[in-house]
Amino acid sequence: MAKSAETEHPVKAYGWAATASDTTGLLSPFKFSRRATSDKDVRLKVLYCGICHSDLHMIKNEWGFTNYPIIPGHEIVGEVTEIGSKVENFKVGDKVGVGVLVGSCRSCARCCDNLENHCTKQVQTYNVPNFDGTKTYGGYSESMVADEHFVVRWPDNLPLDSGAPLLCAGITTYSPLRHFGLDKPGTKVGVVGLGGLGHVAVKMAKAFGAHVTVISTSETKKQEALEKLGADSFLISRDPEQLQGAVSSLDGIIDTVSATHSVVPLLGLLKPDGKLVMVGAPETPLEVPVFNLLRGRKILGGSNIGGLKETQEMLDFAAKHNITADVEVIPVDYVNTAMDRLVKSDVRYRFVIDVGNTLRTE
Ligand SMILES: [Zn+2]
Ligand SMILES: [Zn+2]
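With the sequence shown counted from 1, adding 23 to any position gets you this note's numbering.
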C-alpha cells in the first residue's frame, strides 16, 4: 500500500493545507509527517510564516502545477529543536529561517558559485518532490526539517514576525539591486509597484543610499511611499506628463508587478545603459519593441530569489539597517480570510501567520 502524507515519515506533523483539487484553495487543518532528523538536518519549531503571493497562486493552482495536498509557506522563522550529529552551524535554541529552497544538487557550477537558486535540481520548500521521492511541505505547519545548508541564522535584533517576509520578498529585491549594480550611494533606482515586494525594495534601495522613485498606477500610495517608506519621489505611470518629465533619469528599475502591464514607458525612464529588472511574473508575455532597447543600450533582465550565502548576507544587512516588512500578524485560522484580502491587495503589505502561538497540534 502506498504511504500517505501522514505515514510516509516517522515524525507526526500538523499544518494547514489546501486539499481540494477543485482549485478553491481553501486551507484547513492537515495531518502529515516530517522525516527524522538526519546527520546534517536542522529541525525547527515554526514560530512565524509570511504569506507570499506565490502561496495564493499555488493553493488555487493558478500556475497549473499544484500537486494537492499542498501546505504553502516559504518565509519561515523558527527555533531549532533538534540537530543532526554532523550539524556544524546551529544548536538547539537558535533562531533560524528557511526560505524558498530546501535542497539543491550542491555540486553543479551554480551551486559551487552559491547560486543554488539557479540549480536545475533545486528543491523548493513546498509542492515538489524531494530527493527521497516524498513531497515537500511548507511553513504553514508547526515544524520544519531541512539540511543546515538551507537554513539561515537569524540576526539577534531582527524581529521574528516582521522579518519573516525578508526570506522571500527581501532576497528577491536585494539580490537584483546587488547584481545589477544598483546598490551604490546616489544611484537612481525606480521601484514599480508598492506591494509585498515593492515596499521592501524601497527600503533596501534606500539603505544602499540610492535615490528611490516609486512608480505606481495611482496616487493612493504616494504619501505612504514618501513619508513612511522613505522614497524620494513618486511617479504615476499613467500620467504622460510625469513620465515625460522623468525620461532618461533612472539607472535601474526593479519591476515587482505581476499584473500584465506595459514596460515601454519604463524603458523610457532609463538612462543609457539602464537596466529594467523584472521580479514580478505577469502571466502574459511582455511586449518589447526592440528599438526601445537599442537606443541607449538598455538591458531588460530578470531575477529570482537568491542563493543561501546571499540570503544570509541580506538578513544581516536588514538587521544592520533595521529593515523589516510592514506586516499584519494573524492567527492561523484567519488564513483563508487573509487570502481573500490578498486577492484584493487589501494588506499593507504582508500577512505573517503567528504559527507558534496559534497552530494547534491535535
Ligand atoms: Zn515567495
Ligand atoms: Zn546544483
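Virtual Cβ for every residue (Gly too), placed ideally from N, Cα, C.
Less than 6 Å separating the Cβ of residue i from some heavy atom of ligand 1?
i, result
"S23", "Look at the range of the chain in this structure, 24 to 385, and you will see that residue 23 is not part of it."
"C75", "yes"
"C128", "no"
"C191", "yes"
Cβ of residue i versus every heavy atom of ligand 2: is any distance shorter than 6 Å?
i, result
"R133", "yes"
"C72", "no"
Flag this pair as yes or no: are the beta carbons of residue i and residue j separated by less than 7 Å?
i, j, result
"T236", "S260", "no"
"N359", "L50", "yes"
"S56", "E85", "no"
"L190", "G330", "no"
"T157", "T148", "no"
"L273", "Q265", "no"
"C72", "V378", "yes"
"Y37", "T384", "yes"
"P199", "T347", "no"
"G96", "G161", "yes"
"V370", "R364", "yes"
"Y372", "G186", "no"
"K63", "D155", "no"
"G48", "K26", "no"
"P295", "G319", "yes"
"A40", "I94", "yes"
"A192", "V223", "yes"
"D184", "V313", "no"
"P305", "T283", "yes"
"A342", "N153", "no"
Residues in the same chain with beta-carbon distance under 8 Å from residue i, minus the five sequence neighbours each way, listed in chain order, please.
i, result
"V119", "V65, L67, V100, G101, E102, V103, F113, V174, V175, R176, W177"
"P33", "S56, R58, A59"
"L299", "G275, I276, D278, V286, L289, L290, L293, K321, I322, L323, G324"
"E333", "N137, I194, Y197, S198, R201"
"V115", "V103, T104, E105, I106"
Enumerate in chain order the residues of its own chain whose CB-to-CB distance from residue i is below 6 Å, with the five nearest sequence positions on each side excluded.
i, result
"G221", "V214, T279"
"I328", "V123, N140, I194, T195"
"Q246", "none"
"M301", "D278, G325"
"A387", "Beyond the ends of the chain as shown, which are 24 and 385, falls residue 387; an answer cannot be given."
"P188", "G73, E98, A348, R373"
"F231", "D206"
"T381", "P354, V355"
"I238", "G213, V215, L258, S260"
Please return the same chain residues whose Cβ sits closer than 7 Å to the Cβ of residue i, not counting the five positions on each side in sequence.
i, result
"E29", "K54, F55, S56"
"V69", "I99, G101, G162, S164, E165, S166, M167, V378, G379"
"C142", "S127, C128, C131, R133, C134"
Between residue i and chain E, is there a C-beta pair that is closer than 7 Å?
i, result
"A36", "Among the chains in the structure shown there is no chain E, since it carries only a single protein chain."
Complete beta strand (DSSP E) runs within the segment 38-122 (minimum length 3 residues, chain order):
Listed in chain order, the beta strand (DSSP E) runs fully inside the segment 38-122 are 50-57, 64-73, 99-106, 118-121, counting runs of at least 3 residues.
Uninterrupted alpha helix (DSSP H) stretches inside the segment 134-173 (no shorter than 4 residues)
Taking 4 residues as the shortest admissible run, the segment 134-173 contains no complete alpha helix (DSSP H) segment at all.
Residue ranges of each alpha helix (DSSP H) run of no fewer than 4 residues wholly in the segment 305-379, ordered along the chain?
Qualifying alpha helix (DSSP H) stretches, in chain order: 314-317, 331-343, 358-366.
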